[in-house]
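Protein chains in written order, with full-length UniProt numbering: chain A, 1 to 574; chain B, 1 to 574.
Here's what the structure looks like:
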């Protein structure tokens, strides 16, 4: 089973997120339907023909460290070269650095397509995009001129060097050191772990962004600076940085996860990005864009797993469904149909969330109006941890269900269903674990996002009101559920505010994960209900909202109770 | 991190399941506390010292097909020999065939311990136990005498040969043929797939139980017979059966999953077990005991994953929890504690369900009273699909959470957390997928288990009433929740009966999986609440019930709604 980009679903959700809506404040005036259509169709073609077939090979062979350099699987290098030469890397990059300046929303749709085709492949450009963001926002003009054009074209790739053995979720303990030289450059020394595409053979240069500490820097996160450390120096010589070893991982075998050594000999040459001791700030720029990208990975891998399961369910004959005299394809059995609908409705919900996050970023970047830009930024900030965590959680769940639909064949590696489960498993972990996302949501984002929260709630209620006006019991039930979910979310977010006002942080943090899930359910159901309301002649789309409402959003009340459960004491139960 | 059998938890749940309770109808009069204690302690010692250390080796090296024969990983053979020589294989086997005749309940506790130590290792005896059951119930005296003693001692192992490429969940399409010979034996010809331990080097002989079709047998399941086909014939010659290939699987690498060829040359020699065309019946005996065993695998792998995650959470330093001035172990963070409590409380709930199933089997087998035996059998029948599916689902979930607690290290294979997730993934699939278990529960078991259902509901309500009598808001809340969960289960099971009475089978089947989960939540909460009520001075145990009630059982109302959602139409949404 190969991959076919679900262009109809993607177009529908793009439209829901604002693309192609004629309005006075149209952010997307430069993107007519023909342009969007041709971008999507070309992306689909490249992904289906060139990337998707590499996914299994990438898993079986993986990237290898040979004589100190990483060799990617057969076909990987050529596919990446053709992909970047076709301009795919520069889609939403700034025009001033030779990017195409297209909206993040269109980028999001393409990112989904690349990740469905191969998560391991799509990771490389995802990190380059983060590096472009960080440099475009924080680097000096000289650094920009020297690095951005080749990063934008994809001739060079970027990395994020944050983690050290003792410094994972908590970066305050970073130990890598950087010492300023007379010529204004820095010498960087230290070891970084879990560096995705830290070394590989697909591009001419690798541009490392490295968190390090200056001598006498203040302790903690306020003493960390960001440096650009290229694999190959401007004079063409090799910098003092190399890949020491590769991790042996559960999944995404083709994506090399490197332990990088900086300054084994005389110190790696680096340049400061942004101000000294403000490195974490610069990194956050990069991380926010990367976090949405990882959320979209969740959607992408889930879609791939769903397509494979659906195909199997339509062809595998087993048992007699509904009293049929002949054996039936297993999709005839209610429990299999239920499983497939659970998969598909959750994918569509997560797609709505991720695309809405991308649209919020466009609002922040593209709007002419200052207030609109501020609201867009607030909304994007609030939505990012939800997009990341909710979508990667459903990525694992859908891949898990995909294996289940295959029965025994799902456990056999040749089938490919298990690879999706293995690949999907990283996404809730990297770029900040989903637990960290939930903490970010409750402790950092919620207190400063009252407008964005109001917007989310009022959108749910508006859609609910519209549907409630229609005839038919099913419409009333859907409308009532959506209103109820919004009420649950309002109650649970108020609880969080109250707890924080009372300095009862443990009570708030203990419910952070269920609160994040509740946010996901509310925004997802709002999206699906909007689609249903707009296309209720389309039985397929309409039934997704109804199913998600009855089988997923039905848990909203319990999620809210769970979120408001209060602190978990340090008990002896563990 | 190695494994330590959680003897305190196990003893507690054994007690709750009836062991050691002094009563007039004590089924376990022959098992005094000292005996139980020494069995558990010796099992723990063997598992911890001899089996657990092999688990990682088994995963990395796996079983291999070398010159047509399966070679198990280093140390496997010796461990199995010492294990069976110590008498562990014969624990609950019939005394008349040299078994020790101990209760299934004690066997269940040991099965959990073996599976925590290594799922792949524990699978071999699990299948032997199924073969012993089938032969003891259905074979001729001659066959019993020839095969049972060596199967009971563990010198020989057993297999279940059901699946063929076209015949998985639906065995009606089995094609393997058997032809009666003049000497009363049969010649068996055909290919079977997914045969666990179909070949290996750990025992002197392998006793295959094979489903096959006689010439002119009626079509469908009524035309399938069961045959005993030994690897080595009574005269010492090799039978015409061999392993053609091994599957390359996601997990349990040390457990060889064989494609078996019977009768490549002149037909494998086999003996009929039970009557002609009644093979599926005999196989069901075997499958029911195996299904409980697989449920216990879910508990076992979850316990192993939990212990490893807990250990990591207690040692890994990251971030400052609760405003601490120093970095804290990550268990200090509320979201990690929440995750660990979710893991532990679900394990204890599933342990309660599995041990209750084992106790029901003891009631069916050991009671003096005819009515009690019938009730035990009915209860065991109803509980078996719940024990299998609920426990293996939480097995995957807990292993998934275990990876998450490890952060990036969880995705690195050397850590070992990912192996538990890969190993756990098979359990919801084999011995009847969890979807099949749910169908079995709704379509077959529920309609004939009114007494057993009443027992489950009245037990929940009795415990609730007892707790409600106590002082304190927390007791009232727990009691109310348990009563509510019982009400939900009663309502949802009534819905299933109504649908079936109205021949609306699709409406019933569509809700089978959530109904099964609701059963699990009700029986699990009843168990935890009983433990809480008996040991409320033990903060650790008491808080498990409260947490499970507030964070898991809180979803019971929604599960009931989901179960009663009605038929899923054949829509175009897929």
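We treat Cβ as the ideally placed atom computed from N, Cα and C, and that holds for glycine. The model shown is predicted, which means the values in this text are computed figures rather than measured ones.
Sixteen is the threshold: when 16 or more other Cβ atoms of the shown chains lie within 10 Å of the Cβ of residue 428 of chain B, as they do, the residue is buried.
In the structure shown, the three-state DSSP call for residue 243 of chain A is strand. At a cut-off of 8 Å, the C-beta of residue 318 of chain A has a neighbouring C-beta in chain B. Secondary structure at residue 27 of chain A: coil, using DSSP grouped into helix, strand and coil. Less than 8 Å divides the Cβ of residue 545 of chain A from the Cβ of residue 478 of chain A. Under the Cβ distance rule, residue 259 of chain A does not count among the residues neighbouring chain B, no pair being separated by less than 8 Å. Rounded to the nearest angstrom, the gap between the Cα atoms of residue 375 of chain B and residue 450 of chain B is 10 Å. By the criterion of a C-beta distance shorter than 7 Å, residue 256 of chain B is surrounded in its chain by 63, 70, 197, 198, 199, 200 and 246, once the five residues flanking it on both sides are discounted. Nearest neighbour of residue 32 of chain A by Cα position, chosen from A/144, A/564, A/302 and A/18, turns out to be A/18. Distance from the CA of residue 470 of chain A to the CA of residue 350 of chain A, rounded to the nearest whole angstrom, comes to 26 Å. Residue pairing by DSSP places residue 71 of chain B opposite B/64 in a beta bridge. Flagged as an interface residue toward chain A: residue 334 of chain B, by a C-beta distance shorter than 8 Å. Residue 364 of chain B sits in a helix when the DSSP states are folded into three classes. If you check the CB distance, residue 348 of chain A and residue 528 of chain A come in under 8 Å. If you ignore the 5 residues before and after residue 437 of chain A, its C-beta comes within less than 7 Å of the C-beta of 385, 388, 389 and 516, all in its own chain and listed in chain order.
Residue-level contact by beta carbon holds for residue 396 of chain B and chain A, with a gap shorter than 8 Å.
When Cβ-Cβ separations below 8 Å define contact, residue 4 of chain B makes no contact with chain A.
The beta-carbon of residue 337 of chain B is placed less than 8 Å from the nearest beta-carbon of chain A. Scanning B/330, B/506, B/551 and B/232 for the CA closest to the CA of residue 147 of chain B turns up B/232. The C-beta distance from residue 128 of chain A to residue 254 of chain A rounds to 16 Å, too long to meet the 8 Å contact threshold.
Secondary-structure assignment with DSSP links residue 164 of chain A through a beta bridge to A/167. The Cβ of residue 477 of chain A sits no closer than 8 Å to any Cβ of chain B.
Where residue 533 of chain A is concerned, the enclosing alpha helix (DSSP H) starts and stops at 512 to 534.
In the structure shown, residue 260 of chain B falls within a strand segment according to DSSP collapsed to helix, strand and coil.
Of all residues in the stretch 68 to 91 of chain A, none places a beta-carbon less than 7 Å from a beta-carbon of chain B. In this structure, the straight-line span from the alpha carbon of residue 109 of chain A to that of residue 417 of chain A is close to 23 Å. Here the alpha carbon of residue 465 of chain A sits roughly 34 Å from the alpha carbon of residue 301 of chain A. Using a Cβ-Cβ distance cut-off of 8 Å, the stretch 407 to 425 of chain A and the stretch 268 to 284 of chain A are not in contact, since fewer than three pairs of beta carbons, one from each stretch, lie closer than that value. Bounds of the alpha helix (DSSP H) holding residue 543 of chain A are 539 to 551. Secondary structure of residue 303 of chain A (DSSP, three-state): helix. In the structure shown, residue 213 of chain A adopts extended strand secondary structure according to DSSP, grouped into three states. At a cut-off of 8 Å between beta-carbon atoms, residue 388 of chain B makes no contact with chain A. The Cβ neighbour count for residue 279 of chain B, taken over all protein chains shown within 10 Å, is at least 16; the residue is labelled buried.
Apart from sequence neighbours up to five positions away, the residues of its chain that approach residue 92 of chain B with a beta-carbon distance below 6 Å are 102, 104 and 107, ordered along the chain. Under a criterion of Cβ atoms nearer than 8 Å, the residues of chain A adjacent to residue 561 of chain B are, in order, 550 and 554. Spatial neighbours of residue 222 of chain A in its own chain (CB-CB distance under 7 Å, excluding positions within 5 residues in sequence) are listed in chain order as 277.
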